[in-house]
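Here is the structure we will look at, set down as structure tokens.
Protein chains: 2
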Amino acid sequence: MTDLNTQLGVNYPRGFKSAGVYCGIKKPGLLDLALIVSETEASVAGVFTTNRACAAPVRWSKQVVAAGVARAIVANSGNANCLTGEQGERDAQRMAELLAKRLDCTPQQVIVASTGVIGVPLPMHAVESGIAQAFERLAEGDDRAAAEAILTTDNSVKRASLEVAAGAVRIGAIAKGAGMIAPRMATMLAFITTDAQIAAPDLQACLTRVVERTFNSITVDGDTSTNDMVIALANGASGVALQGDALTDFEQGLYRICEYLAKRIVKDGEGASRIFEVHVQGAADSDAARRIARTIAESQLVKTAIHGGDPNWGRIIAAAGRADAPIDVNRAELHLQQTLVFQQGRPTDYDERALIERMQADEVQIRLTLHDGDGEARFWSSDLTAEYVQINAHYRT
Amino acid sequence: MTDLNTQLGVNYPRGFKSAGVYCGIKKPGLLDLALIVSETEASVAGVFTTNRACAAPVRWSKQVVAAGVARAIVANSGNANCLTGEQGERDAQRMAELLAKRLDCTPQQVIVASTGVIGVPLPMHAVESGIAQAFERLAEGDDRAAAEAILTTDNSVKRASLEVAAGAVRIGAIAKGAGMIAPRMATMLAFITTDAQIAAPDLQACLTRVVERTFNSITVDGDTSTNDMVIALANGASGVALQGDALTDFEQGLYRICEYLAKRIVKDGEGASRIFEVHVQGAADSDAARRIARTIAESQLVKTAIHGGDPNWGRIIAAAGRADAPIDVNRAELHLQQTLVFQQGRPTDYDERALIERMQADEVQIRLTLHDGDGEARFWSSDLTAEYVQINAHYRT
Numbered sequence: 000m001t002d003l004n005t006q007l008g009v010n011y012p013r014g015f016k017s018a019g020v021y022c023g024i025k026k027p028g029l030l031d032l033a034l035i036v037s038e039t040e041a042s043v044a045g046v047f048t049t050n051r052a053c054a055a056p057v058r059w060s061k062q063v064v065a066a067g068v069a070r071a072i073v074a075n076s077g078n079a080n081c082l083t084g085e086q087g088e089r090d091a092q093r094m095a096e097l098l099a100k101r102l103d104c105t106p107q108q109v110i111v112a113s114t115g116v117i118g119v120p121l122p123m124h125a126v127e128s129g130i131a132q133a134f135e136r137l138a139e140g141d142d143r144a145a146a147e148a149i150l151t152t153d154n155s156v157k158r159a160s161l162e163v164a165a166g167a168v169r170i171g172a173i174a175k176g177a178g179m180i181a182p183r184m185a186t187m188l189a190f191i192t193t194d195a196q197i198a199a200p201d202l203q204a205c206l207t208r209v210v211e212r213t214f215n216s217i218t219v220d221g222d223t224s225t226n227d228m229v230i231a232l233a234n235g236a237s238g239v240a241l242q243g244d245a246l247t248d249f250e251q252g253l254y255r256i257c258e259y260l261a262k263r264i265v266k267d268g269e270g271a272s273r274i275f276e277v278h279v280q281g282a283a284d285s286d287a288a289r290r291i292a293r294t295i296a297e298s299q300l301v302k303t304a305i306h307g308g309d310p311n312w313g314r315i316i317a318a319a320g321r322a323d324a325p326i327d328v329n330r331a332e333l334h335l336q337q338t339l340v341f342q343q344g345r346p347t348d349y350d351e352r353a354l355i356e357r358m359q360a361d362e363v364q365i366r367l368t369l370h371d372g373d374g375e376a377r378f379w380s381s382d383l384t385a386e387y388v389q390i391n392a393h394y395r396t
Numbered sequence: 000m001t002d003l004n005t006q007l008g009v010n011y012p013r014g015f016k017s018a019g020v021y022c023g024i025k026k027p028g029l030l031d032l033a034l035i036v037s038e039t040e041a042s043v044a045g046v047f048t049t050n051r052a053c054a055a056p057v058r059w060s061k062q063v064v065a066a067g068v069a070r071a072i073v074a075n076s077g078n079a080n081c082l083t084g085e086q087g088e089r090d091a092q093r094m095a096e097l098l099a100k101r102l103d104c105t106p107q108q109v110i111v112a113s114t115g116v117i118g119v120p121l122p123m124h125a126v127e128s129g130i131a132q133a134f135e136r137l138a139e140g141d142d143r144a145a146a147e148a149i150l151t152t153d154n155s156v157k158r159a160s161l162e163v164a165a166g167a168v169r170i171g172a173i174a175k176g177a178g179m180i181a182p183r184m185a186t187m188l189a190f191i192t193t194d195a196q197i198a199a200p201d202l203q204a205c206l207t208r209v210v211e212r213t214f215n216s217i218t219v220d221g222d223t224s225t226n227d228m229v230i231a232l233a234n235g236a237s238g239v240a241l242q243g244d245a246l247t248d249f250e251q252g253l254y255r256i257c258e259y260l261a262k263r264i265v266k267d268g269e270g271a272s273r274i275f276e277v278h279v280q281g282a283a284d285s286d287a288a289r290r291i292a293r294t295i296a297e298s299q300l301v302k303t304a305i306h307g308g309d310p311n312w313g314r315i316i317a318a319a320g321r322a323d324a325p326i327d328v329n330r331a332e333l334h335l336q337q338t339l340v341f342q343q344g345r346p347t348d349y350d351e352r353a354l355i356e357r358m359q360a361d362e363v364q365i366r367l368t369l370h371d372g373d374g375e376a377r378f379w380s381s382d383l384t385a386e387y388v389q390i391n392a393h394y395r396t
């Protein structure tokens, strides 16, 4: 596997083009519509939000993924097309139809994604002209425009790519972060391309495993968006059919890209000043490890303590104690920034002043060892700041 | 049932005395040890934190409640006696023994409660002198000292009492709020006395039902303390055995007191500037209603929107959608401050400016109607403010 290239994303694999344009959904000057197109039919896999109030494009794209074949992705930012009733369903389908007509494929081969304000109908006139414009600009090479056109309140573009299988197969991706969207809600999107030859069910299995340990292991505020999706397209342009070691290498490469983008999303979370990793090991099983890690990562008390650089181990143990999973406090060991602070049911005699110093780092590590079994999980989270509250309370005032 | 008297608490029922003193756990001048004593043996019931990292006094008091009979409660603030190892267990028992000796009862008839800093051994010398002092000051009449001695970062004492069964039976209670404790964590305590004659199992059943709809239906930050407990003592001094209508009246009176104290705790939550009620009706069942109400009440996005006075219905529907309970968005109706803002899967044509005006109230009402069944639940929550973050991030810096 090669090193990660963070200057190129979905255009890196062979046989993919992209474009990003401004069409009038967001404020002038901000790109708001992206296309990612494969020259040929591609295997498609996807992971979607579990929110029951999910948006129309999520419902549409789930059908595309179920069929297993796609040619392209059309995504807009600035409007989530969510909680928009029947009109929303028609608009999502129309986006697929507009692009399918130009690609000469069926609408059922076009993934649709939207992110932004909810409860407002899509300005379809703008979307229509945006798809036309973007189609004319489809190009290989730099994919910054597409990466930019899916952003909302993110501070920077997020893209990554690398080669696996001894350079024979390429993987690339772009993502947008979990910022709140003006003025409504957080969404997370990631689009992955690869020129590997891989059947849709295998791609799906691989993507599901990777997403569980990356995009599904991050939290900014514990709220689940209505529009989240991660999509992978594999067009086979490398001519390499993945099997054996090459498949393992592919999955590791995909993990590396998704982990990088997931952590970038946390770092770019609204109001975040630092991030922290919660590593739970020795839990009864991996499900228990995930529940405990997630509860610690989402705890407001832990997030504010991390913000203040306070080695407040009591809040971490208390959060672990309320997770819906078994834990024996007397067997637990807690490390903060590699310092053992809690053991045998009570605090150790650690150097508090030195630890406070080390809690000021940009990334803080929390490691909880339970000695109950083999379960292990990692979660990444951002701190909770006054700026977060300002951004989300006073947007419209 | 009479009106609520908020100037008197546990001393109102016949046959109870209380005291509150400063003994040296907190800063000088702040009361930190309370006693509540029944003249005779009382039926006892209790509801405790479900946190697996619960404190030593919680484990002790659970045994007392299991036996069904108690004479007294000893409670200290300023130190939670939590995550203090074997020493903590011995100290909790010692507190019971010290009071039992003076009362000439068994230690197993004394409830012990602690709230405050975790991970620090109790200063037993101070506690011992505190119990001796407080015992000398046990008195009927005003119970302000006891109500004050259980507070931590609360802004005000919380007590309430009333008469039920046509004046024959009295109920009184004191509580402390869900503020963060210097420098560790939130705890909630409530002690209820009554001179009704009622067997422990009946008292427990009644208390469990009432707590579920009051103290277990509030949230400040979604974190569960290691020390929470609600205890009820019934000494029978009224000579009235509860049955039939009198029992119903008793439960209603108990509910009224607990609802008042629970809402006072939310209002007094750290950094809170306003509170809101989440009322879910028409859910598939009451369990589903509670899950949905709790998820909305705990959502950081909803809490910040309420803080900003923003009628952000999208965040409320999105929170409902991620609750682990069925919901059909197309059948849902959402009212904010009695204004219908969402129906048939999309927003209504409401007057946004007028609604923003009404969102500035001290108490905001959210009502979500699902048309899926008979399930109903209410949850009370406080808004999330920059002050909350300041208090919890920068306590030690």
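Quick mapping for you: the protein sequence lines, in order, are chains G and P. Residue 372 in numbering that gives the first Met the number 0 sits at position 373 of the first sequence; the count goes up by one each step and never skips. Residue 51 in numbering that gives the first Met the number 0 sits at position 52 of the second sequence; the count goes up by one each step and never skips. Glycine residues also receive a C-beta, built at the ideal position from the N, C-alpha and C atoms.
Put simply, the region 78-89 of chain P does not touch the region 38-49 of chain P. Fewer than three CB pairs are less than 8 Å apart. With 16 or more neighbouring CB atoms inside 10 Å of its own CB, G/Gln108 falls in the buried class. Not flagged as an interface residue toward chain G: P/Thr114, since no C-beta distance is shorter than 8 Å.
Residues Met0, Asp248, Phe249, Gly252 of the same chain have their beta carbon placed closer than 6 Å to that of P/Val163, with the five preceding and five following residues left out of the count.
As DSSP reads the structure, P/Ser380 sits in a beta bridge with P/Thr218, P/Phe275.
Contacts between P/Gln343 and chain G, judged by CB atoms closer than 8 Å, involve Gly84 in chain order. Around G/Pro56, no beta-carbon contact reaches into chain P at under 8 Å, the shortest distance being about 15 Å. Annotated three-state conformation of G/Leu246 is helix, per DSSP.
Cβ atoms of G/Asp284 and G/Gly372 come within 8 Å of each other, at about 6 Å. G/Thr368 has a beta carbon lying at 8 Å or more from every beta carbon in chain P.
As computed with DSSP, P/Glu162 is found in a beta bridge with P/Arg169. G/Thr384 belongs to the set of residues whose beta carbon lies under 8 Å from a beta carbon in chain P. Its chain contains Asp31, Gly77 as the residues whose beta carbon lies nearer than 6 Å to that of P/Lys25, once the 5 sequence neighbours on both sides are disregarded; these appear in chain order. Excluding five sequence positions before and after P/His278, the CB atoms of its chain that fall closer than 6 Å to its own CB belong to Arg366, Arg377, given in chain order.
When C-alpha distances from P/Ala74 are compared across P/Arg321, P/Gln280, P/Gly129, P/Ala233, the shortest belongs to P/Gly129. Cβ atoms of P/Ala189 and P/Ala233 stay farther apart than 8 Å, at about 15 Å.
In this chain, the beta strand (DSSP E) harbouring G/Met228 covers 228-233.
Counting only residues of its own chain and dropping the five nearest sequence neighbours on each side, G/Ser60 has a CB closer than 8 Å to the CB of Gly45, Phe47, Ile110, Val111, Ala112, Met228, Ile230.
Considering only beta carbons, no part of the region 349-366 of chain G lies closer than 7 Å to chain P. For G/Gly270, the three-state secondary structure derived from DSSP is coil. At least one beta carbon of chain P lies nearer than 8 Å to the beta carbon of G/Val388. Per DSSP, the continuous beta strand (DSSP E) segment holding G/Ser113 begins and ends at 109-116.
In the structure shown, P/Ile149 falls within a coil segment according to DSSP collapsed to helix, strand and coil.
Contact of P/Ala318 with chain G is assigned, a C-beta pair being separated by under 8 Å. The C-beta of P/Pro346 comes closer than 8 Å to at least one C-beta of chain G. Per DSSP, the unbroken alpha helix (DSSP H) holding G/Lys302 starts and ends at 299-307. Taken atom to atom, the span from the alpha-carbon of P/Leu161 to that of P/Phe134 is near 26 Å. Nearest to G/Val156 by alpha-carbon distance, out of G/Ala131, G/Val9, G/Asp348, G/Ala322, is G/Val9. At a cut-off of 8 Å between beta-carbon atoms, P/Ser380 makes no contact with chain G. DSSP, reduced to helix, strand and coil, places P/Glu139 outside both helices and strands of the structure shown, so it counts as coil. Scanning its chain for C-beta atoms nearer than 8 Å, with the 5 sequence neighbours on each side dropped, one finds around G/Ala144 the residues Ser17, Ala18, Gly19, Val20, Leu30, Ala33, Arg136, in chain order. Shown here, P/Arg58 sits in a helix according to DSSP, grouped into three states.
A distance below 6 Å between beta-carbons, with the five flanking residues on each side excluded, links P/Arg273 to the following residues of its chain, in chain order: Asp361, Asp382. When P/Pro106, P/Arg101, P/Ala54 are compared, the shortest CA-CA separation from P/Gly87 is found for P/Ala54. The distance from the Cβ of P/Ile291 to that of P/Ile326 is about 7 Å, consistent with a contact at the 8 Å cut-off. Listed in chain order, the alpha helix (DSSP H) elements of length 4 or more contained wholly in the region 313-371 of chain G are 351-357.
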